[in-house]
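Enquirer: Handing you a structure now.
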Amino acid sequence: MSSFENQNSCSFEEIKVELEEIDETKFKNDVEFDSESEIEIVEKSEIKFNEGETTDICITAVRMLKAGAKPSMIYEAMRDEDGQPTVTRKDILNLGLRINFLEENASMEALIIGMKKRGYTVRHGRLKHLFFCHANSIRSARRFSEVVLVDATYKTNVYKLPFVNFVGIGNLGVNKLQTFRIAGAWISDESENSYIWVIKQLISLIFFDIIPLVFVTDNDAALTGAIRKFFPKTEYLLCTWHVLNNFKKNLRKYFDDDSFDEIIKVVDRLINLRDYDMLKLTINDYKKLASSSSNENEVIKYFER
1 MSSFENQNSC
11 SFEEIKVELE
21 EIDETKFKND
31 VEFDSESEIE
41 IVEKSEIKFN
51 EGETTDICIT
61 AVRMLKAGAK
71 PSMIYEAMRD
81 EDGQPTVTRK
91 DILNLGLRIN
101 FLEENASMEA
111 LIIGMKKRGY
121 TVRHGRLKHL
131 FFCHANSIRS
141 ARRFSEVVLV
151 DATYKTNVYK
161 LPFVNFVGIG
171 NLGVNKLQTF
181 RIAGAWISDE
191 SENSYIWVIK
201 QLISLIFFDI
211 IPLVFVTDND
221 AALTGAIRKF
231 FPKTEYLLCT
241 WHVLNNFKKN
251 LRKYFDDDSF
261 DEIIKVVDRL
271 INLRDYDMLK
281 LTINDYKKLA
291 SSSSNENEVI
301 KYFER
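Each residue of the sequence shown is one higher than the one before, counting from 1 in the UniProt record's numbering.
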């Protein structure tokens, strides 16, 4: 039977997982390096030093690579007092590849290492979904529960897993509103069932007795469907980026290039306005520009829908 267990209690984080049954599969971690440590990178690299040399030369090479220096430039710089090279070109190329690998995998490695230190293990299963949040985030989300922003990135990490990000808005310790992280989740696919699992974890840890007033999401039907299943009375807003893109997509056919640019600028102002009097004036600007379109009625109808 698949299991993912925490053998040591941890007051700092909450992690929920779901596994997919796979016979004779074990979760293992053979990562032994810290991507932020130049010394660790050097110790795990395969660079062969000349007799009597220290790792200082290699650390310098790491710093130069991170600064964007070309391997050929580093090779010329890494010479001893007699002008002889202290490393080979192949050494430098291999070191660069290792740095790139570490940077690409840093976030997942840090998660795996952190979970192993806290006693988490997987037996005979493959990780399907993973939800996590910090204790401080739970407290903040319960205190400022009015608005929750949800977004899912499309497989932007090297493991091709969609990432679901929950963000709140509050003003704790500051004199203006600012966002704070609530929780995150990696999921195996972007199906409604996957999002339902994520929302269940969000409810069990944070919103078990609180209902957010507003969810701000994109146009993803699976995500919206999962949220509505558990929060049917909550209001839903489309994020401003998607609002503007929808206007661009639906109005483009009615304008020439110059007029289209002008009306999109007006829409952008409308989205970000905070003054009621300016709102009325900007709406009038929109309607004036609509009159120059090939279908004034459709342009105005889209705005009023």
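Just so you know, even glycine gets a beta-carbon here, dropped at the ideal spot from N, CA and C.
Source: prediction; values computed, not measured.
DSSP on Asp189, reduced to helix/strand/coil?
Expert: It is coil, neither helix nor strand.
Enquirer: Could you check whether the region 241-258 touches the region 180-190, counting it as contact only if at least three pairs of C-beta atoms, one from each stretch, sit closer than 8 Å?
Expert: Touching, no, given that fewer than three Cβ pairs across the two stretches are closer than 8 Å.
Enquirer: Taking buried to mean at least 16 other C-beta atoms within 10 Å of its own C-beta, is Asp80 buried or exposed?
Expert: Result: exposed.
Enquirer: If contacts are defined as beta-carbon pairs under 8 Å, then Ala226 and Ile199 qualify, I think. What distance do you get, rounded to the angstrom?
Expert: Correct: roughly 5 Å between the Cβ atoms.
Enquirer: Helix or strand or just coil, what does DSSP make of Gly96?
Expert: Of the three classes helix, strand and coil, the one that applies to Gly96 here is helix, per DSSP.
Enquirer: Taking the Cβ atom as the reference point for each residue, do Val243 and Leu149 lie within a distance shorter than 8 Å?
Expert: No, they are not a contact pair.
Enquirer: Which parts of the region 133-181 are runs of the alpha helix (DSSP H), unbroken and 4 residues or longer, counting only runs that do not cross its ends?
Expert: 135-143, all fully within the region 133-181.
Enquirer: Any idea what DSSP makes of Glu296, helix, strand or coil?
Expert: Looking at Glu296 - three-state DSSP - the assignment turns out to be helix.
Enquirer: For Phe289, which three-state DSSP category applies?
Expert: What sits at residue 289 in the sequence shown is Leu, not Phe. Looking at Leu289 - three-state DSSP - the assignment turns out to be helix.
Enquirer: In three-state DSSP terms, what is Pro71?
Expert: In this structure, Pro71 counts as helix in the three-state DSSP scheme.
Enquirer: Please go through the same chain and pick out, in chain order, the residues whose beta-carbon is closer than 6 Å to the beta-carbon of Asn50, but skip the five residues on each side of it.
Expert: Legend: pLDDT at Asn50 = 45, less than 50; position of this residue unreliable, value from coordinates given subsequently. Excluding positions up to five away in sequence, the list reads Thr86.
Enquirer: Can you tell me which residues form a DSSP beta bridge with Glu235?
Expert: According to DSSP, which records beta bridges pairwise, Glu235 is partnered with Val214.
Enquirer: Skipping 5 residues on each side, what residues in its chain have a beta carbon closer than 8 Å to that of Leu270?
Expert: Answer for Leu270: Leu279, Thr282, Ile283 and Tyr286, listed in chain order.
Enquirer: Just to confirm my understanding: we take Ile300, look at its own chain, exclude 5 residues before and 5 after, and list those with CB closer than 7 Å. What are they?
Expert: Excluding positions up to five away in sequence, the list reads Lys287 and Ala290.
Enquirer: Buried or exposed, going by whether 16 or more other CB atoms sit within 10 Å of the CB of Val174?
Expert: Burial call: exposed.
Enquirer: Where does Arg89 fall in DSSP's three states?
Expert: Looking at Arg89 - three-state DSSP - the assignment turns out to be helix.
Enquirer: How would you call Asp91, buried or exposed, if buried means at least 16 neighbouring beta carbons within 10 angstroms?
Expert: It is buried - the Cβ of Asp91 has at least 16 other Cβ atoms within 10 Å.
Enquirer: Would Leu205 pass as a contact of Phe166 if the rule is Cβ separation under 8 Å?
Expert: Not a contact, by the Cβ cut-off of 8 Å.
Enquirer: Alpha carbon to alpha carbon, how far is Ser188 from Glu298?
Expert: Distance between the alpha carbons of Ser188 and Glu298 is about 41 Å.
Enquirer: What does the alpha-carbon distance come out to for the pair Gln178 and Phe255?
Expert: Roughly 37 Å between the two C-alpha positions.
Enquirer: Can the beta-carbon of residue 379 be found less than 8 Å from the beta-carbon of Met64?
Expert: This structure cannot speak to residue 379, because the chain is shown only from 1 to 305.
Enquirer: Let me make sure I understand the geometry here. Which of Ser191, Ala61, Lys229 and Leu130 has the alpha-carbon closest to that of Ile112?
Expert: Residue Leu130 is the option with its Cα nearest to Ile112.
Enquirer: For Gly83, which residues in the same chain have their Cβ closer than 6 Å to its Cβ, ignoring the five residues on either side in sequence?
Expert: Excluding residues within five positions, none has a Cβ falling inside 6 Å.
Enquirer: Alpha carbon to alpha carbon, how far is Lys66 from Leu97? Give it in angstroms, no decimals.
Expert: Between Leu97 and Lys66, the C-alpha separation is close to 11 Å.
Enquirer: What first and last residue would you give for the alpha helix (DSSP H) that runs through Leu244?
Expert: Thr240 to Leu251 is the span of the alpha helix (DSSP H), which, as asked, contains Leu244.
Enquirer: Could you spell out the range, first to last residue, of the alpha helix (DSSP H) harbouring Gly225?
Expert: Ala221 to Phe230 is the extent of the alpha helix (DSSP H) around Gly225.
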